[in-house]
Structures are given as C-alpha cells and as structure tokens.
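Here's the structure, in structure tokens; my notes come after.
Protein chains in written order, with my numbering: chain A, 430 to 956; chain B, 5 to 322.
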C-alpha cells in the first residue's frame, strides 16, 4: 500500500483528520471509494479500541411485555440487554471454546460429576456489593427450583447439590457431564446479588454497563460501569431501540439513526451492503430451518416415506432462494460445523429417482399434508412451495396448509404431525440432542424415540476422552439423519449490519447474532 | 334553551349507554377468545397445579357475570387492574402510551384539519377550475395509496436520502418539545396525507350544497367577494357534516394508526395493544379496548352536540 495512504488512514482512524477528508484524499490518490473504506476499516481496527461516545443499536424482537429478569429472557433484545448489565459464570470464546467471566476458573472431577467454579477475586456488583460464591449458588438454586419459570430450568435438572467453599462454588451432578461449563454460559444464568431471589428484574450485575433508562419494547439506555473489572465496554453510553419492522430497521441504519442492526432480511442484504459506509456481516451459526415429522405417527412412522421426503428436497435451491445464499445446506441432522465436536458426514443430495423408489416401496397413497405459517421461519410458505415442486418431480404430492401465525407455536408446532419450524441451535451437541432428540425431552418435536440413541447420549455426556466423544456424536448425528423425522434443508446465517462510525467488528464469532450479543460492548465509536 | 339542554343531556346519556354496551361486548369478546386464558399465559409446559393457581388468581372460577361486574366496578373507580405479564398497574403503563398517541394525533390534527378545510374552501372558490381539480387529484391519490407505502416512500426520500428527519420516531421524556416535533415530523406528514382527502371532500361537498341557496345569491347580488361569501355565509351553515367528518378522522388518528406506529417505531397505544394481545394479557386488552371505544364514542358525541348547537332546526324535531 502507498505509504501516504497508510499514513492518512491511520490519521483518520485516530480522528486527527475527518473520514470525509480521508476519502477525498484517497480519491485524489486514485483509490476507489470502496477500497478506501475497506482500508479505513482495517486501519480503525489496527488503531485499537477508542473510548467514549454513544453507540446506538436497532434490534428486532422486543415487546412491551418483556421483563428484565434474566430467567424470563426469550428474545434477542433481552439477550443483548443482559449482556450489558450482567454476566454468567463463564462465556464462549470467539471460536466456541470457554473463558471465565464471573468465575475466573473451573475444573471437573475425573468422572465429570463434581465441578468447581472459582469466583473472580474482588469484583463487585453495580450496587457496590462484592460478588460471593453464595450469590452464584443462590442463582443456580433460583433457576433450578421446582417453582422456577426460568428458561434454563431444563438445563439444570441433573444438579444434585450446590455448595460453597470460600470463593468456590461446587456443583454435584447425578450423572457425569463434561459439558457443564457450557451450560453455565447460558444467558439466563446471570450472577445477581443473592442469585436474583430478592429483586430478579433489578438489572444489578457485574456487567460493563449500568441500565439508566428502561422502556420495555421501546428504548433502553445504558451507561458505562466505572468499576467494571474487564477490558470490554468502550462506548460511554449504549442506546438500544427496539425496531421490529424490517424496513424501518434497515432505514434507521441507512439514515444514520442507529449504528448497528440485527436480522437484515436476506432478500435485501445484498442491496443494503451496496450502500456507502455500511457493512453487512453474515455469521454462520447453529440455527436451522426445518420440516419436522412425528415419526411415531402415521404416515410418517413409515421409514420409506420419510426417506422419500428426505431425498425429495432440493437443499441447494432452498439456500439460494430462501436464504439468498446467506446460509449453508443441511443434512437432516441438527449439527453443523458450528459445533465444537462436529464430524463431517456424507451430504444427502436431491435425488427424485431415489425418492420415487422409496415412495413406491412405502406403499403410501395420496398426498402428504404439511402445515406452515409465515412466522415458523422467514420464507417458510415459499420453502414449502419449493418442497412441493421438488417432490412433484418424484411423483409425490405434497398438500400445503397455511396456518395463522397467532397460536402456531401452541397449536401446530410439537402438536401436529408435519410442519415447518426453526431451531436456534445450542452451544454443544449434547444440549441440542438433549433438548430435542432424547426420548423424554419435552421439545422432542419429531417424536424420535430410540433407546440406543438415549444410551449413547448419556454415555457421551460423561466421556472425557475427546476423540471417543467426537465419534459418539458422529454416530448420533447419523442415527438422527437416517431414522429421525427431521428434514433439515438449510442452516441460516445471522445477518447483521453496521455503519462506519463504529469499529471493531469481529467475523465469525460463535454463539448468537451480533457477536454473540457482545457487539455493543466490544465495538467502539470511531467518530 | 331548556329544550337544547334536554337534547344535550339525551345525547350524553345515549353515549354513556353505548359505552356500557361496548364494555359488555369487549368483556365477552375477550372471554370467547380461543383457549383458556391461564393455559395461554403459562404455555404448554404448565403443570395442573400452576394452572389451578393461575385460574384462582385471575378469578376465572367465578361466573362470568360476576367477573364482569367486578371488572366494571373497578373501571368506574379508575382501577383498570394489573397486567398479567408485567404485574404493573395498567392505568400507569397505558397512561404514558396514551399520552404519546394523543401527542401524535394532536399535532397531526392541528395541521390536517385547518389545511383540509382551507383546501375545501379554495376548491369551492375555484370549483371546476384547475385549483379544484389539482386539490382533488392530489388528495384522492394520497388516500388511495396504502399508508404504509406512503410511509416507506417518505422514509426513503426524506430520511435516508435527504436526512432531514429521523425514520425511527421513538420519543422520550428527555427530549424538548422542538426535538419531539422534529422527530415525529414524517409521521405527522404521512397521517395528514391520509386523513386530508376525506375532510377536504366533505367540506367541499357540504359548502357546494349550501351555495345553491337563495341567500347566497342575495349575497352575490350585494356584491360581496366570493371568498367572504363562502367563509361567512356558506361555511357556518355547512358546519354540521364537516364536524362529523373531522371527528371521525380525529378518532382514526387516535385508534387507527397502528400501522404507522409500527413503520415509524412510535411508542403509542397500537403497538402496546398488539403486544398484549399476542401474550393474551386480557386485562390490558380490555382496558385498551375500552379506552379506544370511549375516544370514538366521545368524539362522535361531540360532533353530534356541535351539529345540534349549530343547527336550530335539529332543536325542533317534528
């Protein structure tokens, strides 16, 4: 790179010259605007975080009826709010490993039945109170109690006893679980004073920000916590607006009213990225769009009919036309490369001839009924129509029934035998399989019940030998792929977008959208 | 005069009766919503004990008539109950949202009502000539396009391209009045376009009707200026239908702007109501329904009263 340009971009990154001036000078040196922008972005990154300023977010998913109680958090807005004021014991690293947050370290006994988390020394809640092991223990007690309405209740069912010893929290389990620290990174499990038993929605925690204004489903303002122990939280103030309408959210970014948004609609992501000063960032994740059949209910209890449907779906076409390329093909297993112990399996391709052969063998007559709705995943009715067409080529008739959005999750999903749906994914294979494929799981939405699968799942959980564990998960993935009721055509990427007034975006962060919900804390205002 | 008072009292009594009937409708409407309320709130994973507790807490075990009168009794004392989802006092949380809705409606009305009437007068003054045709064409075009489309087009040009005003209109208490007005300027403009045509057309039609009268001809023969005739002689005599239409549109500005609220992310009553309907927060839905009905009935009653006062003939029914 030209030395002068290098110098200029650094000056611009440090704010010595203005962005406009830099772009002008770069243009004079014969550099295109796009190239100059990229150059500036990398210079901003190299210059390191800048402190101060206000970072403004526009997010989808909040509602007037939300609560600040982390136990009741269900949507993206709630997760991003929690990340501001609170912290779990441990958190995912960018590549899907684990790092300490409120706990500075953790270790397991040899059988993975007893885990010890050591609370970080000398950190305080935003009300000035020191964090103790008792607070963490009370937190686990609150989320695992019989009366609990916590979204993390299911994860904690296997805890036998929680005790404290100095700064240590000791968790004893009924069965060994090598993934317990991953469970502790769940966003519901925020360490609050006395575990949040006294004031669950007070938003007092150890996070880098303190909530100043809270207007549920509308607007939130958080200010930097001056006593925060860690090195994130660069902006002085974070303002978060709830903008549920897709067009309004994109317009807010384009008009400069917010600096970062989530859930850019795939259909318009290409257009948005061409706007000056705006970067669209897509991140591969474990979320997937699915067609789910109850394999214990006729006609889906017929393995040949299931196989016919699996061969009769054109996965690549769905990725191209429903996700507009912002995603990857599925393989009828809920696991993809986003999981730490993923092992590649042979890709199942669209094959109308095989589908027709299996259909003939199944002896099924007449159409197959599929239920769908707009909110089961973005573009679900269109995906159902594509499925209908690709099955038609195999001589299989698919009848599509459009259901209303209202009540879809209580009346259709996990209730009717064949419907469209989505999964957000989990941080480990064990969690994903336990949530939806274990025989006894509440959310076993394909009614897949296999004794050998269950046994393998329990055994893998306590297996500390990583290679052995990996192959066990590969076997389980294969079982679901071949015997299960899951038809998974695609894994959807998270599509976020930000403008060039903020820097520090990191590509490919594991977990949720917006850098696992830490974008506002880890990014900074450049001017 | 006593006859006038009697008529007014009658109107007000009728309005209250109507509101009472609407309250019955709202209450029974929320009862016949599909699904048990307790089940909807707790979701599918609810245990039978939790359901029973919830039903008891909500008073769902009492007969509907008793529940209705308990609810009505509370409402009459200003107690709208507590929200099921947040546990907060409903009157308090609605108050803020209602304030925002009225704020937007007020400023939209301040601009659109005089503008509509002025345009109506101009259209009459130059009827069948180009100003009349232009006004009609523009207002009819703006009422024919769906409001969200006008909103998106306005956002694209005014907000994204020109950057004159924000597209996200989330107002808050820390803003000054000037900042608030700047923030909601695009929605005000869009709402004005939406309600303008109806009021303008009615003003024009009502005045044209009066313009056929003999006394207008007399005024013309006296040599009065055309605009003076319209403003001083024709308009006062056509005020009744105009006020009716104006009130209908004001009611629309309060109760019918949920689409605008969503597109502009405005924290008003519409979005508030939709959020609570989807969570089956019945007490909040009932309270919103009652407030909307009261606004609607109140404004229409006001229009009736103005018509009666403005038109001596209505005071002497045959």
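For glycine and all other residues, C-beta sits at the position ideal for the given N, C-alpha and C.
(Q) Looking at the strands, I want to know which residues DSSP matches up with residue 830/A. (A) For residue 830/A, which the question treats as bridged, DSSP gives the partners 800/A.
Q) Between which two residues does the beta strand (DSSP E) containing residue 521/A stretch? A) It spans 519-521 - the beta strand (DSSP E) in which residue 521/A sits, taken as one unbroken run.
Q. Is the CB of residue 171/B under 8 Å away from at least one CB in chain A?
A. Taking Cβ atoms only, chain A reaches closer than 8 Å to residue 171/B, which makes this a yes.
Q: Have a look at residue 134/B and residue 206/B and give me their C-alpha separation to the nearest angstrom.
A: Per the coordinates, the alpha-carbon of residue 134/B lies some 19 Å from the alpha-carbon of residue 206/B.
**Q.** Cβ of residue 604/A within 8 Å of any chain B Cβ
**A.** Not one chain B Cβ lies under 8 Å of residue 604/A.
Q) Around the C-beta of residue 81/B, are 16 or more other C-beta atoms found within 10 angstroms, so that it is buried, or is it exposed? A) Per the 10 Å Cβ criterion, exposed.
(Q) At 4 residues or longer, what runs of the alpha helix (DSSP H) sit wholly inside the stretch 732-766 of chain A? (A) If we require 4 residues or more, the alpha helix (DSSP H) runs fully inside the stretch 732-766 of chain A come out as 732-740 and 744-750.
**Q.** Within chain A, partners of residue 283/B - CB distance below 7 Å
**A.** Those within 7 Å of residue 283/B in chain A are 494.
Q: Please name the residue, chosen from 6/B, 8/B and 23/B, that lies closest to residue 295/B on a Cα-to-Cα basis.
A: Looking at the Cα atoms, 23/B is the closest of the given residues.
Q: Classify residue 430/A as buried or exposed, calling it buried when 16 or more other Cβ atoms lie within 10 Å of its own Cβ.
A: Below a pLDDT of 50, predicted positions are generally treated as unreliable, and residue 430/A, at 46, falls in that range; no measurement from the model is reported.
Q: Report the three-state DSSP secondary structure of residue 650/A (helix, strand or coil).
A: In the structure shown, residue 650/A sits in a strand (DSSP, three-state: E or B).
Q: Identify whether residue 282/B lies in helix, strand or coil by the three-state DSSP scheme.
A: Residue state, collapsed to three classes: helix.
Q: Using DSSP bridges, identify the partner residues of residue 201/B.
A: Looking at the DSSP assignment, residue 201/B forms no beta bridge with any residue, so it has no partner.
Q | Own chain partners of residue 908/A with C-beta closer than 7 Å, once the 5 adjacent residues on each side are dropped | A | Only 879 and 882 meet the Cβ criterion.
Q. So, helix, strand or coil for residue 696/A, using DSSP?
A. Reduced to three states, the DSSP call for residue 696/A is helix.
(Q) Quick check: the Cα distance between residue 331/B and residue 249/B, rounded to an integer number of angstroms? (A) Past the boundaries of the shown model lies residue 331/B; chain B is included only from 5 to 322, so the question cannot be answered.
(Q) Is the separation between the beta-carbon of residue 611/A and that of residue 499/A shorter than 8 Å? (A) The beta carbons of residue 611/A and residue 499/A sit no closer together than 8 Å.
Q: From the DSSP output, read off the bridge partner residues of residue 528/A.
A: In the DSSP assignment, residue 528/A forms a beta bridge with 520/A.
(Q) Taking CB distances under 8 Å as the criterion, tell me whether residue 958/A reaches chain B. (A) Summary: the structure shown does not reach residue 958/A, with chain A confined to residues 430 through 956, and so no result is reported for it.
Q: From the DSSP output, in three-state form, read off residue 476/A for me.
A: Note: residue 476/A maps to helix in three-state DSSP.
Q. Which stretch, first to last residue, makes up the alpha helix (DSSP H) that contains residue 248/B?
A. Note, residue 248/B: alpha helix (DSSP H), 243-259.
Q: Give the single residue among 72/B, 100/B, 219/B and 185/B whose Cα lies nearest to the Cα of residue 28/B.
A: Answer by Cα proximity: 72/B.
Q) For residue 304/B, which of 263/B, 182/B, 288/B and 247/B has the nearest alpha-carbon? A) Looking at the Cα atoms, 247/B is the closest of the given residues.
Q. To which residues does DSSP link residue 139/B through a beta bridge?
A. Beta-bridge partners assigned by DSSP to residue 139/B: none are found.
Q) In chain order, which alpha helix (DSSP H) runs of at least 4 residues are fully inside the stretch 86-137 of chain B? A) Uninterrupted alpha helix (DSSP H) stretches at least 4 residues long and entirely within the stretch 86-137 of chain B occur at 94-129, given in chain order.
Q: Would you mind sorting residue 950/A into buried or exposed? The rule is 16 or more other CB atoms within 10 Å of its CB.
A: For residue 950/A, the number of other beta carbons within 10 angstroms of its own is at least 16, and it is reported as buried.
Q) Under a CB-based cut-off of 8 Å, is residue 316/B close to chain A? A) The beta carbon of residue 316/B sits no closer than 8 Å to any beta carbon of chain A.
Q: Look at the alpha carbon of residue 592/A and the alpha carbon of residue 511/A, and state the distance between them as a whole number of angstroms.
A: Taking the straight line joining both Cα atoms gives about 26 Å.
Q: Measure the CB-CB distance between residue 159/B and residue 115/B and report whether it falls below 8 Å.
A: In this structure, residue 115/B does not lie closer than 8 Å to residue 159/B by Cβ.
Q. Can we count residue 208/B as close to the ligand FAD, meaning its CB is less than 7 Å from some heavy atom?
A. Although the ligand FAD was asked about, the structure shown includes no ligands whatsoever.
Q | Those runs of the beta strand (DSSP E) which lie wholly inside the stretch 526-599 of chain A and span at least 3 residues | A | The qualifying runs are 527-529, 532-537, 543-548 and 588-594.
Q. For residue 269/B, which of helix, strand or coil comes out of DSSP?
A. Coil at residue 269/B, not helix or strand.
Q. How about residue 926/A and residue 701/A: are their beta carbons less than 8 Å apart?
A. For residue 926/A and residue 701/A, yes; Cβs fall inside 8 Å.
**Q.** Residues bridged to residue 718/A [DSSP beta-bridge criterion]
**A.** Secondary-structure assignment with DSSP links residue 718/A through a beta bridge to 851/A and 919/A.
**Q.** Listed by chain order, chain B residues near residue 648/A by CB distance under 7 Å
**A.** Residues of chain B passing the Cβ test: 174 and 176.
Q: Note the first and the last residue of the continuous alpha helix (DSSP H) segment covering residue 19/B.
A: 6-35 is the span of the alpha helix (DSSP H), which, as asked, contains residue 19/B.
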